[in-house]
Amino acid sequence: MRSDQNYLLQAILDNFPGGISVMDCDLRIIFANPAARRVLDLPDSMFVGDPPFLEEIFRFNARRGEYGPGDVEQQVSARIELAKARKPHVFERQRPDGITIEVRGAPVEGGGFVTTYIDVTERRRNEARIEHMAHHDALTELPNRVLFHKRLGEELARIARGGNLAVLCLDLDHFKNVNDTLGHPVGDVLLKMVAERLSNCLRDTDVVARFGGDEFAVIMPIIDGDRDAEGLARKLIDVLGSPYEIQGQEIIVGASIGIAIAPRDGDATEGLLRNSDIALYRAKVDGRGRFSFFEPEMDRRIQARRTLELELRKALSNGEFELYYQPVVNLRSGDVSGFEALLRWHNPERGMVSPAEFIPLAEETGLIIPLGEWVLRKACAEAITWPLPIKVAVNLSPVQFKSRNLVQAVLTALAYSRLPPGRLELEITETVLLGDTDANLATLHQLRELGVHISMDDFGTGYSSLSYLRSFPFDKIKIDQSFVRELTERPDCMAIVRAVAGLGTSLGITTTAEGVETQEQFDRLCAEGCTEMQGYLFSPPRPASEAVMLMLRNSVMVDVA
Ligand code: C2E
Ligand code: MG
Ligand code: MG
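Just add 273 to the spot in the sequence shown (first one is 1) and you have my numbering.
Here it is as structure tokens:
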């Protein structure tokens, strides 16, 4: 029975995947299973004959450099000291070949030791990989936001005793265009190249991270006040702005940078990052490709904007919007050919807020989508109640074209109101034809197929206007009011109006002059052959009920005629 048990024990120890050794009270290794010899890489010859002393093993290891560089006898005696203390111990040994062994020793009755050796290399490697993944961005391998926060916290603690540091928030200009036009794989390559250029610009003491998308951030310990940070910002803008070659294509993207200095602009991670972000926002507004230092005044302005944004979000459900209508007058017949619907926001505290103020914000925040749908529904619903079957014009934002839901929104508005599609006019600006042109043109054609009319609004303020007129058969061109305003003083404005009116005549497109305020402008525009006019000379935009009164009296031309 007993020898059976021994046999069994031997079989277990021989086949056990971990190493096990047993020492007697004189620190002689009286047993070491094959796995122990294997993980420790000890030659079998050491275990032939009399059991080896632990000291011999230590010396053998020290000589072959197992414990790193140093004096062999010192390394041996230090270890023997520990072994003699006979206390339970756990430690990890990093072997020169890269293997990590977890060593656990426990004293046994009678003065000996049982030690286990487990190869934890793979486990430690996985842990390190997970740790790396948790703290780095997978695409660029740069530290991520989590690690950046940690490092910033450490750096801030360091300068608490004196010193400064700069946090630079960086964002690529028009990166979205690269993704949209050349595809995400190209965008990814670009981001990697940006990360590489960034890293090459920095010193070892600086930290650079990618926060996601095209957002990067840098921590820079500074010595010479703002000047160091400014120097780096200039260099980064310069380096990141030079062309990238990807798949045979030359790509140019700029970078904008916001800078906050600790402790001046904040001594906590959140506040500093927020302030450099505010400065970045400023740099972008100022025209991109720039850097900007944080100033407390910026903070106040951004707060004001945030408040406005919050109020705007509530305004739709609170019913604070209304449509005003401005008549469009046909010069040949003298009749009102339609009304343009213009959005008004009655804010309980601010009073009437101008669309020039809130439309850009609504576009940035995406609120323009539900708001634009509301305008469409409301305008159609009101127009169907009018005493005359005239047109209603609705302004569309370029952002609404991105939603891909625009055609459906127009259809819904028409279906609910039962307004004939021919009475709806949609006003777009040149920007719609600037980005995503093919998709937007397809949308325009779909809208056209519904039977609605399409006008080009604010014509002349955009880019290469004439080519846009060729790209889509517009029903109407609205000459921007900036040309009308200076019509009588500036010959160039006159020339543009003349050219557009002539173009309209030859292409058979209606031309509407916007912002007509004086009799003199009116006369000139008539002489140039504009077909329609709109402006304070006839009527400012008015609430729906007053617009209906205007229609009933059909009196807009009274003053002029
Ligand atoms: P817009 O489409 O070019 O509209 C004409 C603007 O000129 C209106 O300003 C109108 O009130 C103003 N206006 C009309 N006649 C005269 C005039 O004789 N003199 C002067 N100085 N101005 C005149 P408003 O209502 O402030 O709208 C400004 C802009 O906001 C509009 O320009 C349009 O781009 C945008 N907008 C207004 N409502 C909407 C909307 O429902 N959706 C979208 N996406 N944009 C809208
Ligand atoms: Mg308009
Ligand atoms: Mg306009």
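Backbone N, C-alpha and C fix where the C-beta goes; we use that ideal spot for every residue, glycine too.
Treat the numbers as computed from the prediction; the structure is a model and nothing was measured.
task = Name the one or two DSSP bridge partners that residue 601 has.
result = Reading the sequence shown from its first residue, position 328 is the one you call residue 601. DSSP output for residue 601 lists 611 as bridge partner(s).
message = Whether or not the region 475–486 and the region 517–537 are in contact is what I'm after, with contact meaning three or more pairs of Cβ atoms, one per stretch, closer than 8 Å; do they touch?
response = no
ask   = Are there three or more Cβ pairs, one per stretch, closer than 8 Å when the region 333–345 is compared with the region 303–312?
value = no
inquiry  = Does the contact criterion of 3 or more C-beta pairs under 8 Å hold for the region 754–772 versus the region 786–800?
reply    = yes
key: Identity of the residues DSSP links to residue 296 by a beta bridge   = As a first step, residue 296 must be located in the sequence shown, where it is residue number 23. 302 and 386, per the DSSP bridge assignment.
ask   = Using the C-alpha atoms, what's the distance from residue 345 back to residue 529?
value = The residue labelled residue 529 in the question sits at position 256 within the sequence shown. The residue labelled residue 345 in the question sits at position 72 within the sequence shown. About 58 Å.
task = Along the beta strand (DSSP E) that carries residue 690, what are the first and last residues, could you check?
result = Along the sequence shown, read from residue 1 onward, the residue named residue 690 stands at position 417. Element bounds for residue 690: not the beta strand (DSSP E) but the alpha helix (DSSP H), 679–690.
inquiry  = Please give the ranges of any alpha helix (DSSP H) in the region 385–462, keeping only runs that are unbroken, at least 4 residues long and fully inside the region.
reply    = 394–408, 418–432 and 448–455
key: Start-to-end residues for the beta strand (DSSP E) that takes in residue 559   = As a working mapping, residue 559 is identified with position 286 in the sequence shown. Note, residue 559: premise wrong, no beta strand (DSSP E); not H, not E.
task = Spatial neighbours of residue 494 within its chain, please: CB distance less than 6 Å, with the 5 preceding and 5 following residues excluded, ordered by chain position.
result = In the sequence shown, counting from the first residue as 1, residue 494 sits at position 221. Result list for residue 494: 438 and 478, in chain order.
ask   = How far does the beta strand (DSSP E) with residue 367 in it reach, from first residue to last?
value = What you label residue 367 is simply residue 94 of the sequence shown in a count that begins at 1. Where residue 367 is concerned, the enclosing beta strand (DSSP E) stretches over 362–367.
inquiry  = Which complete beta strand (DSSP E) runs does the region 468–552 hold, if anything under 3 residues is left out?
reply    = 480–485, 488–495, 517–519, 522–524 and 528–535
Residue span of the beta strand (DSSP E) that contains residue 625, given as start and end = Residue numbering aside, residue 625 sits at position 352 when the sequence shown is read from its first letter. 624–626 is the span of the beta strand (DSSP E), which, as asked, contains residue 625.
query = Between residue 540 and residue 548, is the Cβ-Cβ spacing less than 9 Å?
reply = Residue 540 sits at position 267 when you count from the first residue of the sequence shown. Residue 548 sits at position 275 when you count from the first residue of the sequence shown. No, they are not a contact pair.
ask   = Assuming residue 596 and residue 655 make a contact with CB atoms under 8 Å, what is their CB distance in whole Å?
value = As a working note, residue 596 is residue 323 in the sequence shown. As a working note, residue 655 is residue 382 in the sequence shown. The pair is a contact, with the Cβ atoms about 7 Å apart (cut-off 8 Å).
key: Assigned exposure category for residue 820 - 16 Cβ within 10 Å defines buried   = For the purposes of this step, residue 820 is taken as the residue at position 547 of the sequence shown. Flag for residue 820 reads buried.
query = Quick one: is the Cβ of residue 700 within less than 8 Å of any heavy atom of ligand 1?
reply = Taking the first residue of the sequence shown as position 1, residue 700 is located at position 427. True, at least one ligand heavy atom lies under 8 Å from that Cβ.
ask   = Does the Cβ-Cβ distance between residue 614 and residue 650 come in under 9 Å?
value = As a first step, residue 614 must be located in the sequence shown, where it is residue number 341. As a first step, residue 650 must be located in the sequence shown, where it is residue number 377. No, they are not a contact pair.
key: Segments assigned alpha helix (DSSP H), at least 4 residues, entirely inside the region 320–372   = 327–336 and 345–358
message = Using a Cβ-Cβ cutoff of less than 8 Å, which residues in the same chain neighbour residue 823 once the five nearest sequence positions on both sides are dropped?
response = For this step, residue 823 is matched to residue 550 along the sequence shown. Same-chain partners within the cutoff: 600, 609, 812, 815 and 829.
Beta-carbon proximity of residue 691 to residue 657, cut-off 9 Å = Numbered from 1 along the sequence shown, position 418 holds the residue referred to as residue 691. Numbered from 1 along the sequence shown, position 384 holds the residue referred to as residue 657. Yes, Cβ-Cβ distance for residue 691 and residue 657 is below 9 Å.
query = What residue from 769, 349 and 474 has the CA that sits closest to residue 328's CA?
reply = Looking up residue 328 in the sequence shown gives position 55. It is 349 whose Cα lies nearest to the Cα of residue 328.
query = Where do the N-terminal and C-terminal ends of the beta strand (DSSP E) with residue 697 fall, by residue?
reply = Numbered from 1 along the sequence shown, position 424 holds the residue referred to as residue 697. It spans 697–701 - the beta strand (DSSP E) in which residue 697 sits, taken as one unbroken run.
Residue 787 versus residue 745: straight-line alpha-carbon distance, rounded = Position 514 of the sequence shown, counted from the start, is the residue given in the question as residue 787. Position 472 of the sequence shown, counted from the start, is the residue given in the question as residue 745. The alpha-carbon atoms of residue 787 and residue 745 are separated by roughly 21 Å.
request  = Kindly examine ligand 2 and report whether one of its heavy atoms sits closer than 8 Å to the Cβ of residue 652.
outcome  = Along the sequence shown, read from residue 1 onward, the residue named residue 652 stands at position 379. No.
request  = Within 10 angstroms of the Cβ of residue 454, are there 16 or more other Cβ atoms? Answer buried if so, exposed if not.
outcome  = Sequence index remark: in the sequence shown, residue 454 carries index 181 (1-based). Exposed: under 16 other Cβ atoms inside 10 Å.
task = Give a yes or no on whether the minimum CB-CB distance between residue 619 and chain D is below 9 Å.
result = Within the model displayed, chain D is absent; a lone protein chain is all it includes.
Cβ-based neighbour list, residue 810, same chain, cut-off 8 Å, excluding 5 preceding and 5 following = In the sequence shown, residue 810 corresponds to position 537, counting from 1. Answer for residue 810: 789, 790, 791, 792, 794, 795, 832 and 833, listed in chain order.
ask   = Applying the criterion that 16 or more other CB atoms from any shown protein chain within 10 Å of the CB defines a buried residue, is residue 476 buried or exposed?
value = Against the sequence shown, residue 476 aligns to sequence position 203. Answer is exposed; the Cβ neighbour count stays below 16.
inquiry  = Could you pull the DSSP bridge partners for residue 664 from this structure?
reply    = Your numbering for residue 664 matches position 391 in the sequence shown. Answer is 611.
inquiry  = Could you check if residue 730 belongs to the surroundings of ligand 3, using beta carbon to heavy atom distance under 8 Å?
reply    = Residue numbering aside, residue 730 sits at position 457 when the sequence shown is read from its first letter. Answer for residue 730: yes, Cβ within range of ligand 3.
ask   = Cβ of residue 816 versus every heavy atom of ligand 1: is any distance shorter than 8 Å?
value = For the purposes of this step, residue 816 is identified with residue 543 of the sequence shown, where counting begins at 1. Residue 816: no, Cβ never under 8 Å from ligand 1.
key: Counted within 10 angstroms of its Cβ, other Cβ atoms place residue 256 as buried (16 or more) or exposed   = The requested residue 256 is not part of the displayed model; the chain covers only 274 to 834.
key: Collapsed DSSP secondary structure at residue 593 in the structure displayed   = As a working note, residue 593 is residue 320 in the sequence shown. Residue state, collapsed to three classes: coil.
task = Evaluate the contact criterion for the region 406–421 versus the region 457–475: three or more CB pairs, one atom per stretch, below 8 Å.
result = yes
request  = Might you give, ordered along the chain, the residues of its own chain that have their beta carbon closer than 6 Å to the beta carbon of residue 394, omitting 5 neighbours on each side?
outcome  = Residue mapping note: residue 394 aligns to position 121 of the sequence shown, counting from 1. Cβ within range, chain order: 372 and 373.
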